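Heads up, the thing below is written out as structure tokens.
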Amino acid sequence: MNPKVSNQIAIAMLYVIASTIVVILAALLGYIIIGGLPAISWHFLTSPAKAFTSGGGIGIQLFNSFYLLILTMLISFPIALGAGIYLNEYAKQNWVTSLVRTSIEILSSLPSVVVGLFGFLIFVVQFGFGFSILSGAFALTFFNLPLLTRSIEEALAAVPNEQREGGLALGLSKWETVLHIIVPAALPTILTGVILSAGRVFGEAAALIYTAGQSAPALNFTDWNPFNISSPLNPMRPAETLAVHIWKINSEGIMPDAKAISSGSSAVLVISVLGFNLLARFVGHRLFKRFTAG
Amino acid sequence: MVRAVYVKRGQVMNKKLQEQLLKRSKAAKMERFGKTISFLALMLITVTVFAIIIFVASKGLSTFVTNHVNIVDFLTGKNWNPNVTDSKGQPEVGALPMISGSFVVTILSALLATPFAIGTAIFMNEISPHRGAKLLQPVIELLVGIPSVVYGFIGLTVIVPAVRSVFGGSGFGILAGTFVLFVMILPTVTSMSVDALRSVPRYYREAALALGATQWQTIYKVVLRSATPGILTAIVFGMARAFGEALAVQMVIGNAALLPTNLVSPASTLTSVLTTGIGNTVMGSLQNNALWSLALVLLIMSLIFNLVVRMIGRKGAMSK
Amino acid sequence: MLISPSSPYSNGGWLERNIVDPSLKGQQPIVLETKQLHVYYGDNEAIHEGDLKFPEHRISALIGPSGSGKSTYLRSLNRMNDGIARVTGEILYRGVDINRPEIDVYKMRRRIGMVFQRPNPFSKSIYDNITFALKRRGVTDKRKLDEVVETSLKQAAIWDEVKDKLKKSALALSGGQQQRLCIARAVAIKPDILLLDEPASALDPVSTSKLEETLLQLKEDYTIVIVTHNMQQAARISDYTAFFNMGRALEYDETSQIFTSPKVQLTNNYVAGDFG
């Protein structure tokens with residue numbers, strides 16, 4: 001075939017492929033959001049779910065998702081920060097470091113269901129935490145650590161070395177320099193990474209079904225004592241999240257409005273994740289500006 | 001005379017100075033503390049990874065060690081029915097249906113996703129690097145961000161009925177799973193392919209174009225060829241993700257532990273059986289151990305995907 | 001290749017050295033000196049010979065072509081090369097060998113400060129840049145901190161320019177101001193010696209001359225060692241000058257000697273602008 005003709009055919013094909021992808025996304029988003037929006041109301045977002053009758057909401061699941069997200073971040077951020085600092089600031093190029101890097105890569109590519117099963121084995125069964133927010137938070141921590149560590153490491157690596165030398169030359173230890181100069185300088189990038197990983201954690205379900213559990217007992221939103229069983233803050237209670245809820249009602253839900261609830265929940269989930277994405281961009285941009293200019 | 005005084009004063013100072021400089025400062029203590037604590041954080045992650053591998057392996061192997069199931073029978077057996085014992089008095093734990101189910105959906109979805117991913121990557125990097133890339137970049141990021149249960153839900157409400165109306169049957173099965181996974185791995189493979197294309201030096205293209213090659217010839221014969229290791233890595237990553245994906249697949253595949261005979265009948269994958277099964281079995285029982293063996297297969301496959309990525313990386317580095 | 005009589009390849013001319021001992025010339029005590037100093041990057045020896053003595057309250061300049069080892073030498077003096085290069089030999093600071101592993105480098109660096117080639121203010125306010133190290137070492141008294149900020153900014157001759165915007169980000173300052181802020185930051189912890197690694201190389205001529213004025217004032221209180229590849233700068237501000245070439249200090253003498261009648265042929269060539 002004439003190379004010119006085949007060139008044009010090929011390029012036309014590429015246009016078709018690229019627009020197909022855009023169409024797929026548009027269709028997906030359109031389906032989720034347009035299909036789900038009618039189901040969303042204040043009542044839907046705040047009231048508890050119903051097992052057999054219609055009219056249930058996702059209030060508890062939504063709360064659980066956020067609570068679990070916050071707990072997961074509280075546990076995983078310090079660990080990821082420490083690990084990221086060590087990898088970028090202290091680690092020498094030797095076999096230990098490459099072993100550590102390999103294991104982090106392995107963890108990041110492990111199927112989340114395997115991570116969830118491990119969490120089930122260790123926290124739910126071995127440590128006796130049962131199906132609980134705490135077990136779920138630990139499982140999500142494992143799920144979250146590799147990517148968060150990597151993004152923190154990259155953020156630190158992007159801070160020019162001159163800043164480190166500046167701290168060292170003042171007689172400060174490397175640790176102080178990193179903690180008080182390098183980390184603040186890398187903060188916009190670190191926060192962007194944190195928020196993006198929050199979106200991932202928020203939507204994760206496979207790691208949770210056997211750790212945080214698949215039930216959402218009624219909560220008393222006036223009782224904020226974390227030691228009471230009906231308190232929303234109690235970390236030892238089972239907590240079905242929004243993502244798990246979608247899976248659950250689609251696999252074995254028997255309420256008559258299961259589909260509407262799933263549509264609404266999916267829309268809430270996707271809108272939340274979109275929100276995290278936008279927030280990440282906004283925060284990164286805003287802080288970056290604040291840190292670089294007066 | 002004056003110099004002598006200086007020397008003397010200097011020496012008096014020296015002793016004090018030396019003592020001062022030898023005493024461990026607060027900064028030195030901070031340094032030790034920080035280095036230790038950050039090292040511990042890193043070790044925690046590493047130890048966790050080893051713990052995961054060891055625990056899953058020990059649980060998964062107990063099917064063969066404690067329950068004396070033959071490992072070959074496990075991998076090649078076609079019947080998965082842990083509650084039933086077969087004619088030889090052995091429990092029926094043939095994992096072949098799940099293993100083949102996992103492989104079939106993985107391979108099919110990768111086959112489907114690859115041309116789209118590479119095409120989009122080429123479009124973003126070569127055809128329309130400004131306007132097209134600007135539009136597609138956020139599209140891909142959004143696709144990555146959509147949670148897998150949402151993909152599952154859409155699969156359940158859109159793809160399964162569509163398959164049903166076209167091919168008949170229930171609509172659940174390999175084909176529905178493939179479509180769901182296709183959309184799920186597409187963004188991963190695409191963005192990694194974009195990175196691979198981006199790393200091809202500009203002058204390769206300029207040299208080819210200067211020799212009179214058309215744009216497509218340049219892309220096909222020069223750019224794609226030198227980006228091959230990177231693109232292969234992207235595909236393997238996508239396959240790893242597809243292989244390990246649990247809920248989205250479980251929701252559309254039909255969950256029948258049968259050897260797949262066609263694309264539109266209910267089937268199952270390692271992950272789908274795990275998600276539905278673990279909760280319904282008693283820890284330590286054969287039924288439960290057999291499920292852990294499936295998890296072990298999943299883990300080993302994930303390690304193999306990792307290894308393949310490394311090998312491609314090494315080969316790519318050598319050929320450069 | 002054409003070998004001129006003065007090139008380093010002729011008649012062993014580069015073994016010719018002339019290193020003076022300033023303590024024999026002036027009445028200033030020596031605050032810093034190196035003995036048998038060698039610096040290695042891996043197996044690569046970057047400094048072979050560089051034993052110099054730096055007199056108190058004087059500016060000593062290290063000059064030489066790029067890659068001559070002058071910066072490496074300077075960075076070894078307060079052990080900024082720790083973990084990057086291997087440094088053997090003695091570094092005597094007021095008679096104490098600070099190149100021993102038992103020495104607390106953090107305390108030592110509070111006495112031997114350093115300012116770098118590219119201005120590196122922290123992404124904090126001007127005020128916090130100055131007080132950061134003090135606060136880390138437990139100084140919390142607001143009045144004391146205010147005082148240090150004012151004196152050190154005055155010493156670095158930048159007080160008048162920034163006194164009204166101490167709470168503003170240091171990154172909003174011009175390059176020259178940033179560099180003087182870095183000097184103020186170094187001075188704030190009251191060091192004994194200031195090491196400067198080509199501090200003016202990223203600055204425009206006006207900023208450079210301001211910086212030089214500042215250094216001339218600072219020499220009243222501090223001992224200064226400065227690396228520069230600007231020979232005019234060395235001639236303008238330094239009392240002593242060392243000429244480095246290929247990892248060796250070939251000549252060290254009073255600056256006027258170096259620039260008017262160097263005793264080593266290579267120094268002569270370099271100062272005359274023949275290479276570098």
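Residue numbers (UniProt numbering), protein chains in the order written: chain A, 1 to 294; chain B, 1 to 320; chain C, 1 to 276. Note that beta-carbon positions come from the ideal geometry of N, C-alpha and C, so glycine has one too. Only a predicted model underlies this, so the values are computations on that prediction, with no experimental measurement involved.
Three-way DSSP call (helix, strand, coil) for residue i in this model
i                 : result
His38 of chain C  : strand
Asp146 of chain C : helix
Ser60 of chain C  : strand
Gly166 of chain A : helix
Ser125 of chain C : strand
Asn144 of chain A : helix
Ile106 of chain A : helix
Gly69 of chain C  : coil
Asp160 of chain C : helix
Ile103 of chain C : coil
Glu33 of chain C  : strand
Val100 of chain A : helix
Val20 of chain C  : coil
Unbroken beta strand (DSSP E) run spanning residue i, endpoints
i                 : result
Glu90 of chain C  : Arg86 to Tyr93
Leu194 of chain C : Ile193 to Asp197
Ala46 of chain C  : Asn44 to Ile47
Ile112 of chain C : Ile112 to Val115
Pro55 of chain C  : Lys53 to Pro55
Expected contact under 8 Å - CB spacing of residue i and residue j to nearest Å
i                 : j                 : result
Tyr31 of chain A  : Val183 of chain B : The pair is not a contact, with the Cβ atoms about 12 Å apart (cut-off 8 Å).
Arg87 of chain C  : Ser76 of chain C  : First, the amino acid is wrong: residue 87 of chain C is Val here, not Arg. Right, their Cβ atoms sit about 5 Å apart.
Ile126 of chain C : Lys168 of chain C : 6 Å
Ser263 of chain A : Gly36 of chain A  : 4 Å
His57 of chain C  : Ile47 of chain C  : About 26 Å; that fails the 8 Å criterion.
Leu274 of chain A : Gly203 of chain A : Rounded, the Cβ-Cβ distance is 11 Å, inconsistent with contact.
Endpoints, the alpha helix (DSSP H) within which residue i is located
i                 : result
Glu251 of chain C : Looking at the DSSP string, Glu251 of chain C is not in any alpha helix (DSSP H); the run it does join, the beta strand (DSSP E), is Arg248 to Glu254.
Phe237 of chain B : Thr228 to Gly244
Thr267 of chain C : Gln265 to Val271
Tyr210 of chain A : Element bounds for Tyr210 of chain A: n/a, residue is neither H nor E.
Asn245 of chain C : Unbroken run through Asn245 of chain C is the beta strand (DSSP E), Tyr240 to Asn245; no alpha helix (DSSP H).
Glu141 of chain B : Arg131 to Gly145
Ala162 of chain B : Val160 to Phe167
Gln250 of chain B : Leu247 to Ile253
Chain C contact for residue i (CB, 8 Å cutoff)
i                 : result
Lys23 of chain B  : yes
Pro238 of chain A : no
Ala234 of chain B : no
Ala185 of chain A : yes
Gln163 of chain A : yes
Gly284 of chain A : no
Gly171 of chain A : yes
Test: residue i CB closer than 8 Å to a CB of chain A
i                 : result
Met251 of chain B : yes
Tyr41 of chain C  : no
Ala113 of chain B : no
Ala186 of chain C : yes
Glu206 of chain B : no
Arg136 of chain C : yes
Asn280 of chain B : no
Thr76 of chain B  : no
Met231 of chain C : no
Phe122 of chain C : yes
Residue-chain proximity (residue i, chain B), Cβ-Cβ < 8 Å
i                 : result
Val87 of chain C  : no
Met108 of chain C : yes
Glu105 of chain A : yes
Val148 of chain C : no
Arg248 of chain C : no
Ser215 of chain A : no
Alpha helix (DSSP H) runs wholly inside the segment 11–63 of chain A, at least 4 long, in chain order:
Secondary structure within the segment 11–63 of chain A: the alpha helix (DSSP H) runs of 4 or more consecutive residues, fully enclosed, are 42–46 (chain order).
Run through the segment 164–237 of chain C for me and flag every whole beta strand (DSSP E) of 3 or more residues, listed as ranges in chain order.
For the segment 164–237 of chain C, whole beta strand (DSSP E) runs of length 3 or above, ordered along the chain, are 193–197 and 223–227.
Extract the residue ranges of the beta strand (DSSP E) inside the segment 46–107 of chain B, only unbroken runs of 3 or more that lie entirely within it.
Listed in chain order, the complete beta strand (DSSP E) runs (minimum 3 residues) inside the segment 46–107 of chain B are 80–85 and 91–93.
Jot down the residue ranges of each uninterrupted beta strand (DSSP E) in the segment 172–224 of chain B, minimum 3 residues, whole runs only, in chain order.
Counting only runs of 3 or more, we get nothing.
Complete alpha helix (DSSP H) runs within the segment 240–271 of chain A (minimum length 4 residues, chain order)
The segment 240–271 of chain A contains these whole alpha helix (DSSP H) runs: 242–252.
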